[in-house]
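Residue numbers (the UniProt record's numbering): 1 to 424. Glycine included, each C-beta is placed from N, C-alpha and C at the ideal position. Okay, structure first, notes after.
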């Protein structure tokens, strides 16, 4: 009853390019294998997709967006050469209005894989944009860093005047509310702050027809399941839903089963977390007391254009190490969950712009940070598990560049280190 008065959703905007449509099964398979082993599964009834769904991948931007010249212009402005593997495979499925689960590491172009179809979807709904009392697209992200990164990406594409807002705890609530009140089509949010604004009737989710759960595994790890479920109940059930995740654990499967409709699943790269192929990985055995010397020795070898993220487990140690280095005249900065939001943003900006080349961080920085030219990752403390290792290492070797990671392993880490053997 609650949704009965709302206009139906228009979801299908895809006209398959004749070249894409004419690809043979062998050509499709070859393309998928050559492009990071793309695997496509249909999780609907019988595991057999409806015959009218086109799942052949696109090879060029024109094949996906020939009917949307303004989108193509924006892509050209951003100097992209060709779609990334996830984009090639996700765009045809999403542009047909289907639900999609993208299993891919960060740095694979997944943000654009959902953003461009979302923009076309927003602009093509039957209710005029100015008559909608709330956003049409909601993107949920686990951390403010990731939410801000998605916002930066969205703001590069000026399609039909679509506006977005990024809302997260730790940011100015008043400013966020002011932006929402001016009218936005895309809300990018962390679950806690979103629920706060929905419960206070500041954001109306009735018009959300395109929903993205970005890094769903991370959101569940951080305990956001109750907030996510509350949001899902506030959004009309016939929406289009996209979920991205770096892994495919039980919790994520359950969420997909309960809240998605006959989704397609696109794996990029094997699911065994084979760590980023463009990264040279080095393991150094040492005692706890030798870690600082090992790090100093590495810093002495850095070239003028090198940039390193040094990962530690504890906030206190991040503060301690960065203070010591500054006193020793080593130019570095730090980020962790306990620092003020403005300080974290300043540290990231300085690192991005090259004013600082050493960033000391906890795992809060490991996910979703989009800094193109990180050359090295230094794991001062061993990651909690093999997934976290992959996410840390994935900060370098991005966009086809080479990268290096150095991981210190002490006697205490031997048990976890055994898991690494499979992905080195």
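About 5 Å separates the beta carbons of residue 167 and residue 176, which is inside the 8 Å limit, making them a contact pair. Shortest Cα-Cα distance from residue 53 to any of 16, 305 and 282 involves 16.
In this structure residue 213 touches residue 228 by the C-beta definition: roughly 7 Å separates them, less than 8 Å.
Look at the segment 82-113 and you find these whole runs of alpha helix (DSSP H), each 4 residues long or longer: 85-95. When rounded, the separation of the alpha-carbon atoms in residue 145 and residue 161 is 24 Å. Distance from residue 102 to residue 301 at the Cβ level is roughly 37 Å; contact not present, criterion being Cβ atoms closer than 8 Å. Counting every other CB atom within 10 Å of its CB across the protein chains shown gives residue 155 a total below 16, marking it as exposed.
Judged by DSSP secondary structure, residue 342 falls outside any beta strand (DSSP E) and instead within the alpha helix (DSSP H) spanning 341-353. Looking at the DSSP output, residue 42 sits in a beta bridge with 264. Contact between residue 93 and residue 238 is absent: CB atoms are separated by about 17 Å, not below the 8 Å threshold.
Between residue 37 and residue 269 a beta carbon distance of about 6 Å is seen, short of the 8 Å cut, so the two are scored as contacting. Shown here, residue 376 sits in a strand according to DSSP, grouped into three states. When rounded, the separation of the alpha-carbon atoms in residue 303 and residue 357 is 10 Å.
Annotation for residue 140: the continuous beta strand (DSSP E) segment containing it runs 137-140. In this structure, the beta-carbon distance from residue 252 to residue 191 does not fall below 8 Å. Restricting attention to 313, 378, 305 and 262, the CA atom closest to the CA of residue 46 is found in 262.
Among the bridge pairs identified by DSSP, residue 33 is matched with none.
Under the three-state reduction of DSSP, residue 301 is assigned to coil, being neither helix nor strand. A residue is called buried when at least 16 other Cβ atoms come within 10 angstroms of its Cβ; residue 384 does not meet this threshold and is exposed. Per DSSP, the beta-bridge partners of residue 240 are 210.
In the structure shown, the three-state DSSP call for residue 227 is helix.
A Cβ-Cβ separation of about 17 Å leaves residue 19 out of contact with residue 87 under the 8 Å criterion. Between residue 118 and residue 110, the gap from beta carbon to beta carbon reaches 8 Å or more.
DSSP places residue 202 in no alpha helix (DSSP H); its state is neither H nor E. Buried is the label assigned to residue 398, since at least 16 other Cβ atoms lie within 10 Å of its Cβ. The shortest CA-to-CA distance from residue 241 to any of 78, 121, 285 and 70 is the one to 121. Remark: three or more beta-carbon pairs, one from each stretch, lie closer than 8 Å, so the segment 306-314 and the segment 371-381 are flagged as touching. For residue 47, there is no enclosing alpha helix (DSSP H), as DSSP marks it with neither H nor E. Annotation for residue 154: the continuous alpha helix (DSSP H) segment containing it runs 144-155. The DSSP-derived three-state label of residue 122 is helix. Residue pairing of residue 189 in beta bridges, as defined by DSSP: 140 and 167.
Residue pairing by DSSP leaves residue 24 without any beta bridge partner. Closest by C-alpha distance to residue 193, out of 184, 173 and 183, is 173.
Just so you know, the alpha carbons of residue 372 and residue 78 end up roughly 14 Å apart. Under DSSP, residue 334 takes part in a beta bridge, and its partners are 360.
Close CB contacts of residue 291 within its chain, under the 7 Å cut and outside five residues either way in sequence, are with 380 and 408 (chain order).
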